[in-house]
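What follows is one structure encoded as structure tokens, with my remarks underneath.
Numbering (the working numbering), first residue to last: 25 to 604.
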């Protein structure tokens, strides 16, 4: 996170200058502080940045400044500005501890930094710090845990589309390379270095698709190309070191030649990073030059891991030059230095902090598992409730269907019974008319007239207009009803009020009055529809005719009309009625 605000011109000037001219940057900071252009804590932070991140490499000075700076009131408050300043100071302090490989405070500081980043919702920055902690765990002997954290961090950051995530992922891959390089796993180092090159290649080709969300590499500063060149150069250095460790001289020289064409290879850090390759190829003068420069940078502080590495390099150079006695002296000094450093490490609280960190990680994993278990239980309860509800719904549907079937059966039986009774009535009326006709025929054949038996029903003959006038509406309807039913006039699809008027010589007014006042029907159409439906019930019950045949035989023009009217009249479809 950038220090201060964008209007701090002097601070920006220092940040743009210190990489190339660190001493001039320090002079500028003194001037800024003297004229009061920036607060004192900002000037202290700028000095620590120059000491830690420039070629001066005065990490002890940076550590001292940052340690005091973290106690400043401007970094102790809970407001966003104070938290941002504290995050910057912690990040700078971690960098300095990493460069001097002081694992105990490095682990403690990185733990605080990761927690601060996560509290601010900056997950990428927290993962970037997790990579440092994975490396520290590997360096202090807990390699399995460290590699697991590094792999998890790389996987979480591997997706493209963000400059900040890309940079954090490459940092995590570099930390893993540092771990496997120390263990001599050169094939894994080759794979990781090639992964870095692939990510940089993708970034170069799709730069517009990456969100410019990194304060470390702002697009406006034009640092993307230089960042790509620097990172690709480091990947080439990792490749040449890996092939040197794997005793592959041809591949080693090939990648070293590519690396030496890159500007980074001429810098102090660039010359220092390929020391393993120079030793393998016997380029001892180049190694001695880098070691001498590093010793000069150290000053009087020679009890550290970097000086131990220098002793190891001198021992290998002496062996390569067949200077056995000199080599033995360097190896003895190297062993003593390693023993001292190991005793310091064991006496420190780094292992305690590491154990605390792992306990925190295990607690977080346990909490995640418990949360997942709670979610699973809630889902199971929800699924169970849904299943129970579905079962109850299904049972309810079955019960309703059974109840509906029972009612439909009863309704169908009632309909059939009504139609049967009407059929019986019609048969009885026809039988009476036949008996009356036979009695009249027998009476006419005798010499003496015999009294005519009193009929129980009027013969169905067309009444005269005078008789029609004398009939009540009920009597006229009864006669029309019997005639229509007996002759099944309703089976004609065209039979309607007009046909009825023409057949019986009645006016529309007479027919309307007859049905409205002398019957239970509101209109002729309702009566004709009921006649057709009753006849259809008989056909459905007593024949195997298809539905369309039943509809047309009963006098319906269309099957859909038949189905609709049947359902409206009996609350059953024709198919349901036939089944019941």
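Ideal placement from N, C-alpha and C gives every residue a C-beta, glycine not left out.
Item	Value
Selection from 47, 84, 132 and 63 that minimises the alpha carbon distance to residue 323	84
Collapsed DSSP secondary structure at residue 595 in the structure displayed	coil
Local Cβ density within 10 Å of residue 511, reported as buried at 16 or more and exposed below that	exposed
Minimum C-alpha distance to residue 354 - residue among 365, 334 and 345	334
CA nearest to the CA of residue 263, picked from 301, 249 and 291	301
Buried versus exposed, by CB contacts within 10 Å (16 or more), residue 483	Note that residue 483 scores a pLDDT of 43, beneath 50, so its modelled location is shaky; the value from the coordinates is reported in the next line. Label assigned to residue 483: exposed.
Nearest-angstrom Cβ-Cβ length linking residue 116 and residue 76, presumed shorter than 8 Å	6 Å
Rounded Cβ spacing between residue 292 and residue 79 (contact assumed at less than 8 Å)	6 Å
Those runs of the alpha helix (DSSP H) which lie wholly inside the segment 258-338 and span at least 4 residues	273-284, 292-297, 299-305 and 308-322
Which listed residue (63, 573 and 123) has its alpha carbon closest to that of residue 321	123
According to DSSP, residues forming a beta bridge with residue 235	186
8 Å contact criterion, which residue 56 and residue 67 should meet: CB distance rounded	6 Å
Residue 491 (DSSP reduced to helix, strand or coil)	helix
Contained alpha helix (DSSP H) runs [length at least 4] in the segment 520-563, N- to C-terminal order	521-528 and 532-542
Cβ-based burial, residue 352 [other Cβ within 10 Å; buried from 16]	exposed
Contacts around residue 298, its chain only, beta-carbon distance under 8 Å, and the 5 residues preceding and following it disregarded	261, 264, 265, 280, 283 and 289
Three-state secondary structure assigned by DSSP to residue 149	helix
Which of helix, strand or coil DSSP assigns to residue 44	coil
DSSP state of residue 506 mapped onto helix, strand, coil	helix
For residue 396 and residue 328, the rounded distance between their alpha carbons	46 Å
Nonlocal neighbours in the same chain, by C-beta distance under 8 Å from residue 520, ignoring five residues either side	548, 549 and 552
Given residue 204 as reference, the closest of 217, 144 and 150 once Cα atoms are compared	217
Three-state class that DSSP yields for residue 156 in the structure shown	helix
Stretch pair the segment 207-217 + the segment 225-233: three plus CB contacts closer than 8 Å	no
Element boundaries [alpha helix (DSSP H), containing residue 78]	Residue 78 -> no alpha helix (DSSP H), and no H or E assigned at all.
Euclidean distance between Cα positions of residue 359 and residue 175	32 Å
Contact between the segment 570-583 and the segment 529-545 (3+ Cβ pairs under 8 Å)	no
Collapsed DSSP secondary structure at residue 163 in the structure displayed	helix
Assigned exposure category for residue 191 - 16 Cβ within 10 Å defines buried	buried
Inter-residue Cα distance where the pair is residue 295 and residue 81	15 Å
Whether residue 158 touches residue 189 by CB criterion (8 Å)	no
Whether residue 594 touches residue 586 by CB criterion (8 Å)	no
DSSP three-state assignment for residue 207, whether helix, strand or coil	coil
7 Å Cβ shell around residue 475 - same chain, five flanking residues per side excluded	In this prediction, residue 475 scores a pLDDT of 45, lower than 50, which makes its location untrustworthy; the coordinate-derived value is nonetheless stated afterwards. Excluding positions up to five away in sequence, the list is empty.
Presumed contact (8 Å Cβ cut-off) between residue 531 and residue 501, rounded CB distance	Actually they do not touch by this definition, with Cβ atoms about 15 Å apart.
Spatial distance of residue 409 from residue 418 (CA atoms)	14 Å
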